[in-house]
Structure formats: C-alpha cells, structure tokens
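Structure record follows, encoded as structure tokens.
Protein chains in written order, with the numbering used here: chain V, 3 to 273; chain U, 22 to 324.
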C-alpha cells in the first residue's frame, strides 16, 4: 500500500452563495492516472483550483503528502484550460518551457547549457521540437497543449493537473496528447489528474475516475463509477449509461422528467 | 571626409552643454522606456501606458502652475493614477479599459485647465509646449541625477520581476499556483511603468511619451523572437532614435530658414515611427510547420 500523494477530505466550495462542491473526498497515489470526469459546469475547474490553492475551500482539507501544501511549491504542475495568448507575445516555445523551471523566481535567467539541454529534452518528450522557435501564440490548440505540458513537467512535479486538455482538439491531436501523457506518467512516475467532459479518449489510460456532477463526486474504477445507479445519485435524476461501438455515453434525463425527488433524497451516500 | 563630418555635425555640436545633458539623460531614459515597453506590450497594457502619459500631462501642467519642476508633477500624477487604476480593477482584463478611460477623461480636463491658467499667469506659451511636447535641450541640470536614478530604479524593478511578469502574462493561474504574488507583481510593474512614462515625458513631452515607450517595443516584437532579444532590440532602437533625434534637432538650427531649430521630440518620434513602418516592408516571419503531427507515434519515437 503506497502512501497517498494527494488527499481531499470532505472538500466543499461555495462561490457567491452557491454551493459548487459538497463533501468531495478522494486520493491520488504516486504515478496514478486519474480522470476527473463530469459535464460542463460541474465544478471540475473549481476542484483543480482548490488543489492548486487558488480557490479557498469552505470545508474540508486538501493534503499533499499528508500536510497542507506550502506556497511556492513545485510538486504540482498545472496546465490550464485555455491560454489567452496574443500572437505578438514575444515568448517562443522554448522560452515558455524554460519559464516552467524558474518563472516564479526574481531576476532574469542566465542562459546555460544545462538549461538548454533540459528544455530540448522536454520538447522532444512531448513531440514539440519542430516548433521550438515559433512564438507560442502562433501555434494551434493541440501544439500549445504539448508545449504547456512540457512547461508543467520541466520542474519535475509529482502531480500534473490538466484542465480539459482535450477540449477543442481534433481526434488525432487528442490521441497524441493522451499518449504523450500516459507515457510521461509511466516514465517519470508523475501522477496525472486530467479533467474532461468526455471520458472515452481516456478509457485506455485511466487508472481511476473521479466523476463530478451535481456538486458531488463518485470515485473508483471506470467499471465501478460509470453505472446508471451511481451516476443517477450524483446527478440527482435518472441517468442512462449507454455502451455503443466501444464508446460510453452518459445520458441524463431532463429535469423533472421522472422520480428525481426520490433519487435526490438518498443522494448523500455516494462513494 | 572632414567636410562631410562637418555637414553632419554642425558647429559646436560636441562642445554644447545641453547636448551632453541630452545625450546622457536621453540614453538612460530611452533604454528604460524600451525595456519597460516590451513588458507593457507583452502584458497588453499599451493603453494603460498611453493613459498614464496623458495623465502625466495634468501633473506636469499642475507642477508648472505652482512653480515646481515638472518631473515631480509627471511622477506624482502618473504614480497616483497607476495606483488608482490598480485599485479599481486593472488586474481584470475586461475592467482595465473602462477603469483607465474614466481616469483619463478626468485628467485631461484638468490638464486643459492648468495649462490655461499657467499661460494666463506667466504669458509663456513655451511652457505648455514643453509640457506637451518636451525638449531634451532645456533640461534643468540639477534634475539630471534624479532622472537617471529614477530611470535605473524603474529598469531594475522590471528586470527583477522579468520572469514573474512573463509567467503571469502567459497564465496568471499558473503563476499564482507557483507562488508568484501576481497582483503585487502587477502593481509594481504599473509603478515602474508610471515612472518610465514620467521620464519620457520630461525628454519628449507628456503627449509623446508613449511613442518612446511603445514604439521601440512594437518594432522589436515584429522583428525578433524571445524576450531577451526583444528587450535588447527595443533598447537599441530607442537609443538610436534618441541620438539621431538630438543630432538632427541640433542641425536643424542651421537648416533653411536658418535660426529656427525644429523640436527634438519631433525627430525622435518620427524616427521611431519610421522604424516601425520599415518592419512592414518585409513580410513577417511565420512558422512554416504549424500543423499538429497527425501521427501520435511521432511523439513517442523521439523521446
């Protein structure tokens, strides 16, 4: 039994009086690939921000190695959902990756051979060396994702958080990103927590699922969590899980469509 | 050769006290403005920079009215406005333009009033000209050390915060997650911006100071990649434009009709704008291969 790298214990978040997350608990072990799955607006981004310390919790605790995460800590890497980058931004791809090493320090970085080699290694690891000298703003969404993964991994974090990295990507870029992540997670022993509204591209690589809906989370293997009863309790209404052509579709009934009230009443016991 | 040199450098150029002062102060301020400018453009705060310049006009005209050195007026109003903008939401992209616009309108109205009162009182129309369009040749020698020290402080601040500023522009969330005090860093940068605007207001005038701030940076960002090279190129362009501007302004005194020198600010700004326009003559470099690799194996095979 390996010790937990990250542990969320009964985390709750309120934003502007609205309850976004309630009693969310799960843990991540080193090297594990966890999918944070749920519909848009379910609180996946909020949950990632809680883990990063960017979003204060209204209840519960977030523990890294069993204790609260210190500020200026490099053990968690983060790839946000969307970068608002102007094409004129003067940062080249290799500058962006290099900022992953020491962008949080004072002063300017002096060029060094060791730094160049490390940046080149990371670019090669994510398959981004072809556009190493392009400006970050000139790249496509999939290319930017690869660069930001290199940026996040260069400081050798033990946990990598990615917010919807597959959103708005074409299928081949999507597969490219997933295979890069799965390989790096194994090779470097990095635990990955990746949010997505579609779990299908992740099925081959996910060790576990944290399914978020209705402000709560269900945790377990894909087979345990992606079940009509489990998801119906989360959503608070009837949910069908349809398996077709090897893909999984989660279909929630419209609100007020059936015995939603009865389901909601025993909804507290989801684990 | 000697004749050619004499026609480039008109009589007395190298012996002139005001020219020496203009060179020293102009160079330091041009470097600071250009480097600060690169970060201003990178952070998408060009409009804030321009507004600080207009607000500095108010400070400069106010300082003239009460009889103190204009630099202090530029600085006080610029810094005050920067603090106000930061307070009412400059850290939010959407709030930024609105907040800046509100401050700007109020300040320009005041500037009009101060300039009017100033000229009524002392009947020196030259003062409003100096405040609006500046002149490197009429710098008060006693302020020179202050100007140079302020410029070096602003430059040092921005260089100290360089990596944090870049990371914050890339993604404020990543920066915050890595422990960068994003808001404090942004506020410190805005102050350095206000100082550098006040400085360029002294040498080329409050209204034109954005040219020295944004112009070299914009040109550099069009021709080179990478933050270090961009800053170095911008500084080079700013310094060259300043030096050539000083030379041309000095020489223009001997141009026909002789005896009426042209303003140095005109030459500096014209050279900066000219260099920016030149970058449009050559097609902008684009990355040739911006297609995502269709083969996911490619990524694995190179690792």
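Ideal Cβ placement from N, Cα and C applies to all residues, glycine included. Here the structure is a predicted model, which is why all the values come from computation and not from measurement.
Quick check: what's the CA-CA separation for residue 310/U versus residue 158/V? Confidence is the limiting factor: at residue 310/U the pLDDT is only 43, short of 50, which leaves the residue's position unreliable and the question unanswerable from this model.
Within its chain, find whatever has a CB closer than 8 angstroms to the CB of residue 300/U; leave out the 5 residues flanking it on each side and keep chain order. 240, 243 and 244
Using the rule of at least 16 other Cβ atoms within 10 Å of the residue's Cβ for burial, across every protein chain shown, is residue 108/U buried or exposed? exposed
Between the alpha carbons of residue 130/U and residue 84/U, how many angstroms are there, rounded? 16 angstroms
Keeping to the same chain, check which residues put their C-beta closer than 7 angstroms to that of residue 99/V; ignore five residues upstream and five downstream. 121, 124, 125, 149, 152, 153 and 156
Same chain only: Cβ atoms within 6 angstroms of residue 208/U, ignoring 5 sequence neighbours per side: 107
Beta-carbon within less than 7 angstroms of residue 307/U's beta-carbon, same chain only, minus the 5 sequence neighbours each way: which residues are those? Because residue 307/U carries a pLDDT of 49, less than 50, the predicted location of this residue cannot be relied on, and the following value inherits that uncertainty. If we look at residue 307/U and ignore the five residues flanking it on each side, it has no Cβ neighbours.
Can a CB atom of chain V be found closer than 7 angstroms to the CB of residue 183/U? yes
Helix, strand or coil for residue 36/V, going by three-state DSSP, please let me know. strand
Should residue 221/U go down as buried or exposed, given a rule of 16 or more other Cβ atoms within 10 Å for buried? buried
CA-to-CA distance, residue 65/V to residue 71/V, given in whole angstroms: 6 angstroms
Rounded to a whole number of angstroms, what is the C-alpha to C-alpha distance between residue 73/U and residue 213/U? 11 angstroms
Residues of chain V with CB closer than 7 angstroms to the CB of residue 63/U, please, in chain order. 91 and 92
Per DSSP, which one or two residues make a beta bridge with residue 197/V? 38/V
Mind checking which residues open and close the alpha helix (DSSP H) that includes residue 297/U? 285 to 299
In terms of residue numbering, what span does the beta strand (DSSP E) encompassing residue 132/V cover? No beta strand (DSSP E) contains residue 132/V, which DSSP labels as neither H nor E.
Less than 6 angstroms between C-beta atoms, sequence neighbours within five positions excluded: which residues of the same chain meet that for residue 264/V? Since pLDDT at residue 264/V reaches only 44, below the 50 mark, its modelled position is unreliable, and the value read off the structure follows with that caveat. So the list is empty, once near-sequence residues are dropped.
Chain-ordered chain U contacts of residue 85/V [CB-CB under 8 angstroms]: 191 and 192
Do residue 228/U and residue 153/U come within 7 angstroms of each other at the CB atom, strictly closer than that value? yes
Ordered along the chain, which non-local residues of its own chain (more than five positions away) have a Cβ less than 6 angstroms from that of residue 192/V? 162
How would you list, in chain order, the residues of chain V whose beta-carbon sits under 7 angstroms from the beta-carbon of residue 197/U? 56
Please tell me whether residue 251/U has its Cβ less than 7 angstroms away from any Cβ of chain V. yes
Do you know offhand how far residue 201/V's Cα is from residue 39/V's? 6 angstroms
Please list, in chain order, the chain V residues whose beta carbon lies closer than 8 angstroms to that of residue 180/U. 109 and 110
Any C-beta of chain V sitting closer than 7 angstroms to the C-beta of residue 30/U? no
With C-beta atoms as the reference, is residue 60/U less than 7 angstroms away from residue 76/U? no
To the nearest whole angstrom, what separates the beta carbons of residue 196/V and residue 204/V, a pair I think is in contact under 8 angstroms? 7 angstroms
For residue 78/U versus residue 132/U, is the C-beta spacing smaller than 7 angstroms? yes
Quick one: what's residue 211/V bridged to in DSSP? 37/V and 222/V
Hey, residue 95/V and residue 147/V are a contact pair by Cβ (cut 8 angstroms); roughly how many whole angstroms apart? So it is not a contact: roughly 12 angstroms between Cβ atoms.
Can you look up residue 52/U in the DSSP assignment and give me helix, strand or coil? helix
With a cut-off of 7 angstroms, does the C-beta of residue 67/V fall near any C-beta of chain U? no
Alpha-carbon spacing of residue 91/U relative to residue 155/U, whole angstroms: 10 angstroms
Could you tell me which chain U residues have their CB closer than 7 angstroms to the CB of residue 17/V, listed as they occur along the chain? Those do not exist, as residue 17/V stays about 16 angstroms from chain U at its closest Cβ, beyond 7 angstroms.
Chain V within 7 angstroms of residue 187/U, Cβ atoms only: yes
Have a look at 181/V, 63/V and 53/V and flag the residue whose alpha-carbon is nearest the alpha-carbon of residue 12/V. 63/V
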